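Notes follow the structure.
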Amino acid sequence: VTGRSRSEFNSIFGHFVNMLPMRSTIKGAGSFTELLTQVQQTVLEALDHQDFPFALMVERLHPQRDSSYSPIIQTNFMLQSFEQAYLLASGQDETSFSWGDLKFIPYNPVLFEGQSDLDLEMSEINSKLTGAFKYNTDLFEQSTIERMLSHFQALLEGIVADPQQPVSRLPLLTVAERQQLLVDWNDTAVGYPDDKCIHQLFEEQVDKTPDAVAVVFEQQKLTYSQLNSKANQLAHYLQGLGVKAETLVGICVERSVEMVVGLLAILKAGGAYVALDPNYPAARLAQILEDGELELVLTDSNSPFQLPETKTPVVDIKKANTVERQTNVVSNVNPQNLAYVLYTSGSTGRPKGVAIEHRSPVSLLHWAREVYSQEELSGVLASTSICFDLSVFELFVPLSWGGKVILAENALHLPELPAAGEVSLINTVPSAARELIRSQSIPSGVKTVNLAGEPLENQLVQKLYEQATIKAVYNLYGPSEDTTYSTYGLMEKGGRAAPTIGRPISNTQVYILDSKNQPVPIGVAGELHIGGEGLARGYLNKAELTTEKFIFWNGKRLYKTGDLARYQRNGQIQFLGRLDHQVKIRGYRIEIGEIQAILNEFPLVKETVVLAREDNSGNKGLVAYLVLESETPEVSETEQIDKVKQYLKEQLPEYMIPSRFVLLSKLPLTPNGKVDRKALPAPDLFSSLSTEYVAPETETQKTLAEIWQEVLGIEKVGTHDNFFELGGHSLLAIQVISRVRAAFSIELKLRDIFESPTVAGVAQAIDQGNNDTQVTNQVKDLRAEVILDSKIQNQSVAFKYISEPKNIFLTGATGFLGVYLLSELLEQTKGNIYCLVRATSSEQGKQRLQSSLESYSLWNESKSSRIIPVIGELSAPLLGLDEPQFNHLASQVDVIYHNGAWVNFVYSYSVLKPANVLGTQEVLRLASQTKIKPVHFISTISVFSSSGYSDKQVIFESDSLDYSPDNDDGYAESKWVAEKLVMEARDRRLPVCIYRPGRITGHSQTGFCNTEDLFSRMIKGCIQLGAVPNLEGVFSGIVPVDYVSKAIFNISQQKESLGKAFHMVNPNDIYVNEAFNMIRSWGYPIEQMDYEKWRTKLICQAENSNENALYPLLSLFSEELPVNAEKQRYDCTNTIHGLADTGLVCPSIDSKLLNTYYSYFRSSGLLNAPQ
651 VTGRSRSEFN
661 SIFGHFVNML
671 PMRSTIKGAG
681 SFTELLTQVQ
691 QTVLEALDHQ
701 DFPFALMVER
711 LHPQRDSSYS
721 PIIQTNFMLQ
731 SFEQAYLLAS
741 GQDETSFSWG
751 DLKFIPYNPV
761 LFEGQSDLDL
771 EMSEINSKLT
781 GAFKYNTDLF
791 EQSTIERMLS
801 HFQALLEGIV
811 ADPQQPVSRL
821 PLLTVAERQQ
831 LLVDWNDTAV
841 GYPDDKCIHQ
851 LFEEQVDKTP
861 DAVAVVFEQQ
871 KLTYSQLNSK
881 ANQLAHYLQG
891 LGVKAETLVG
901 ICVERSVEMV
911 VGLLAILKAG
921 GAYVALDPNY
931 PAARLAQILE
941 DGELELVLTD
951 SNSPFQLPET
961 KTPVVDIKKA
971 NTVERQTNVV
981 SNVNPQNLAY
991 VLYTSGSTGR
1001 PKGVAIEHRS
1011 PVSLLHWARE
1021 VYSQEELSGV
1031 LASTSICFDL
1041 SVFELFVPLS
1051 WGGKVILAEN
1061 ALHLPELPAA
1071 GEVSLINTVP
1081 SAARELIRSQ
1091 SIPSGVKTVN
1101 LAGEPLENQL
1111 VQKLYEQATI
1121 KAVYNLYGPS
1131 EDTTYSTYGL
1141 MEKGGRAAPT
1151 IGRPISNTQV
1161 YILDSKNQPV
1171 PIGVAGELHI
1181 GGEGLARGYL
1191 NKAELTTEKF
1201 IFWNGKRLYK
1211 TGDLARYQRN
1221 GQIQFLGRLD
1231 HQVKIRGYRI
1241 EIGEIQAILN
1251 EFPLVKETVV
1261 LAREDNSGNK
1271 GLVAYLVLES
1281 ETPEVSETEQ
1291 IDKVKQYLKE
1301 QLPEYMIPSR
1311 FVLLSKLPLT
1321 PNGKVDRKAL
1331 PAPDLFSSLS
1341 TEYVAPETET
1351 QKTLAEIWQE
1361 VLGIEKVGTH
1371 DNFFELGGHS
1381 LLAIQVISRV
1391 RAAFSIELKL
1401 RDIFESPTVA
1411 GVAQAIDQGN
1421 NDTQVTNQVK
1431 DLRAEVILDS
1441 KIQNQSVAFK
1451 YISEPKNIFL
1461 TGATGFLGVY
1471 LLSELLEQTK
1481 GNIYCLVRAT
1491 SSEQGKQRLQ
1501 SSLESYSLWN
1511 ESKSSRIIPV
1521 IGELSAPLLG
1531 LDEPQFNHLA
1541 SQVDVIYHNG
1551 AWVNFVYSYS
1561 VLKPANVLGT
1571 QEVLRLASQT
1581 KIKPVHFIST
1591 ISVFSSSGYS
1601 DKQVIFESDS
1611 LDYSPDNDDG
1621 YAESKWVAEK
1631 LVMEARDRRL
1641 PVCIYRPGRI
1651 TGHSQTGFCN
1661 TEDLFSRMIK
1671 GCIQLGAVPN
1681 LEGVFSGIVP
1691 VDYVSKAIFN
1701 ISQQKESLGK
1711 AFHMVNPNDI
1721 YVNEAFNMIR
1731 SWGYPIEQMD
1741 YEKWRTKLIC
1751 QAENSNENAL
1761 YPLLSLFSEE
1771 LPVNAEKQRY
1781 DCTNTIHGLA
1791 DTGLVCPSID
1801 SKLLNTYYSY
1811 FRSSGLLNAP
1821 Q
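By the count of the working numbering, the sequence shown reaches residue 1821 at its end, each step adding exactly one.
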């Protein structure tokens, strides 16, 4: 206000302006005219206090102060009036006027931002309004303010046009923005086979690839033809029981091939499947059976679970399909009939069934085919319960387009799967992906990761892209009510912006509306509404709820998601959270109201509130606050909570049971009588435990309790405390497994913690070391593993050396060294290169090989016809080939380069054995059959990583492998056993060569590196840490990949090389400290310190954050320097002689080479520029 409330101030020059805070409430206002009257009254009442100094108000209110903004109010409105008519009437121009002896000349100052977030300054000149926004540039971008100006202008025009219309109907969008939001960004219509059902897409694929593998579970595999036949048998049987279109058939079968057969059979018979999880409590299953009014339920009588008592007929899936026809079933089902019903959490306390018609998933499947390549769909991990909509993508997308379904109980069990190496696409929640990275459990074949179900952080995206093979990370969003996915976005590698949920998928529209169902402008938050082909029919047997959630808007049917979102100016959608009390924990969508409703039905509970809260470690979990009906002093709080827990276990799935319980005498309330959630106390962990605290006794128990304390972020853990009652879950269990591995050199499995979830139970397993939790990497004598099949012999067949082989067999061609070996063989020979590769077809295999070569700029189109993919698997018998294929390959191949291996420095011997040991045996089998072929085996210098060699200053190429590795390095152990098998084959008169590379680094000229190897991680990790260890030894093992590949090829071309071993390390040593000094010269602030101090600092950083590149490899850094790490060298006599006439010399590790690597690190995004 002007501050000139007294007439005597009118003739005085000075700054009398005073700030006058006012609160104007728009909610509840009718027309704009009514609002104007309301605001006028507010202003008049406020003017009564215009002389009260704003500074005094601030002093008395004591608001939180910050020099970056004004206290109390951060937005200002200023209206000024200039009566220019006075100037015109006095004959003066509009630019200046005189008053007595004073002359006034208007001055337009440069506008600077003030302390407010946003100011609107309006001026009235000759009955015209002009205005300007002043804004805080730290908060607003110019484009945002420009949009705001256009919205304000549209609002003013709407008011002038009709001041009597309701405020909620006043326009904000310009015509152009409305077109963009409602039309352009929702122009997603594409054709799809809308006359087909899900199972018909599968049947078409059966005709195309009948012999391709369709589904894998543990050791069991079914081809498309076999899966179709089994599903047809069961479908005919179901039709005989009356199953037809719209028949609801429950399926309650444990994860297995039979589960997939059952789903397809129900669809083929014409029915719709209703998913029932065998792990759900009986009460939950009973609710679904009752609500769904199912006509039939498929179960497996061999499974340990039992269905609750039901009048619904039950069919044993394994006994129902043995005699029926195997031909495709004819049914009267059409795309508008139901395909499945999935039950989701309901706010009333009872689950609600989402009913999906065939047309919706068919549209989704067609979109997926357009987005994902055949290579990406070649091995889709299916780890999600069929009760959740992610399973629709995992099962039916690959089965519709020729891919392979790889079933798993849990995504975190991935490393344990026999078919882990065949997984090309992972569909999971961010928290699970984070644990897979932490434990280095993502197989090398994974190319694509789909993330959904939880908010995604860019940090995780970039961690995934650091995995060498991952080429695409998608963030996807969608409720069950819209068939799995509604939006998707390909995340940017190297990007820094917070991930969005992308844009609508094909045939899907997304509208962001306010509470009055009006579209909101770009950048403004509103409720996300979804329309299009993916929409569900509605909720099964819940017409009222369907009408509430599925609305009609501008002639379109939309689903109200209850999610808050906004459009960004580039058309990407930003997810902002929930409008209600629905939460997502570990990917599960949970209605808080359902848990509260069920708790309130328990006689012991009077009132309850359930919240999602984070603990000290940042892990989100459910907390239940309870007010009990009556106090019972004779019953302890622990006993009361135990009764509540047991009741919930009978009613709800495990993921919906709160991990913390807090007993209160009454719930805190706000002044208006609502529960004051902010006033609810933080949970006392130990009041929720079902056991009294007992201190750990043994050393194992104490160490294990400390691990649990660190992982769970709590102060103490007792011997009998339950890991899951303490707030643990499967993701945290993975961290425990990792730390137990480091502390005890023992490999636990997830199921071990689930089966014995106490410190005492797990400690006993560690101490015993002889149950099925024992790590198989603790092989007492690796010599016992050196057993070469007796059939692998030189059966008196004369070996004929071929100097120019026509056909060459190469394993590991898509790996780092393998790519360069393949390139070298293409350049230096004229033969065909048969490459063992995981794929579903030769075309896909060829594409994988091409992509690998292209990623290092090695692709040569003119030589590509000589690349012949061999579709197989290194860890499988006969390399994954059938016997005729294996025999044919054995007759064709003239020489073998066995480079393939699973390289992982964290996994145990047992995990790596199938690929690295048994795979080598199959290669030797190939070499011995039909005709004898030389094998060039790529081993590693790490086979000498045993303390048995500690007294040797120099390790010679001719030294025998008397001592197996004893540093708990599963990879070195597996290569030691494999090399011993090769030596055994040599003793059986098979021609072999052994190559032992050191630490293979990037190309000496281009700098192309494997950014996931220890060398790259060491450089990045030390820069992140700001420290390097002071090591007095030398880098003698480091060799550029181009030197190794050329050296192997050149030595392999000499007959006299057969039977020998060749060390491939760098003869041109460089001191470690000298190399670290070169790294410091790049401009990064790095301190040099003793190894022990450096290791301590690394571990301390890792305890607070897992961002350091060395975090996954912490277990590699022992407390003391490895034996002889400072002085041991490797003899290279054979290698030097073998390369004497080639002119090939190993590049020195000098500043030139390291700078070449640095350039690549920067260009690839591995390193940011120094600050």
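We put the CB at the ideal spot given by N, CA and C, even for glycine.
Note that this is a predicted model, so its numbers are computed, not measured.
Quick one: Cα of residue i to Cα of residue j, how far?
i	j	result
residue 1646	residue 1591	5 Å
residue 1359	residue 1377	11 Å
residue 1550	residue 1660	16 Å
residue 1809	residue 1657	7 Å
residue 1478	residue 873	40 Å
residue 1224	residue 1368	44 Å
residue 1019	residue 1053	11 Å
residue 1629	residue 1669	30 Å
residue 664	residue 656	14 Å
residue 1792	residue 1102	54 Å
residue 688	residue 819	18 Å
For residue i, name the three-state secondary structure that DSSP assigns.
i	result
residue 632	Outside the displayed span of the chain (651 to 1821) sits residue 632, for which this structure offers no information.
residue 681	strand
residue 669	coil
residue 1542	helix
residue 1669	helix
residue 1776	Residue confidence for residue 1776 is low, a pLDDT of 45 falling below 50, so the modelled location carries little weight; the figure read from the coordinates is stated next. Residue 1776 falls in the coil class under three-state DSSP.
residue 1373	coil
residue 896	coil
residue 1457	strand
residue 903	coil
residue 774	strand
residue 1712	strand
residue 1213	strand
residue 1513	helix
residue 1739	strand
residue 1285	coil
Answer yes or no: do residue i and residue j have a C-beta to C-beta separation smaller than 7 Å?
i	j	result
residue 1797	residue 1690	yes
residue 892	residue 901	no
residue 1344	residue 1361	no
residue 1188	residue 1200	yes
residue 1803	residue 1671	no
residue 1458	residue 1481	yes
residue 1073	residue 1093	yes
residue 1061	residue 1032	no
residue 1589	residue 1563	no
residue 974	residue 855	no
Leaving out five residues before and five after residue i in sequence, what residues of the same chain have Cβ atoms less than 6 Å from its Cβ?
i	result
residue 723	671
In chain order, what residues of the same chain lie with their CB nearer than 8 Å to the CB of residue i, ignoring the 5 residues before and after it?
i	result
residue 666	652, 653, 654 and 659
Which same chain residues, not among the five before or five after residue i, have their C-beta less than 7 Å away from its C-beta?
i	result
residue 1694	1467, 1647, 1650 and 1714
residue 822	801, 804, 805 and 1171
residue 915	881, 884, 885 and 888
Give a yes or no on whether the minimum CB-CB distance between residue i and chain D is below 7 Å.
i	result
residue 696	Included in the structure is just one protein chain, with no chain D present.
- [ ] Please list the segments of the alpha helix (DSSP H) lying wholly inside the stretch 1166-1201, counting only runs of 4 or more residues, in order along the chain.
- [x] Counting only runs of 4 or more, we get 1193-1199.
TODO: Would you list, in sequence order, the uninterrupted beta strand (DSSP E) runs of no fewer than 3 residues that lie entirely inside the stretch 964-1011?
DONE: Counting whole runs of 3 or more residues, the stretch 964-1011 contains the beta strand (DSSP E) stretches 964-966, 988-994 and 1002-1007.
- [ ] Kindly provide the ranges of any alpha helix (DSSP H) runs that are 4 or more residues long and lie completely inside the stretch 833-875, ordered along the chain.
- [x] Segments of the alpha helix (DSSP H) lying fully in the stretch 833-875: 848-858.
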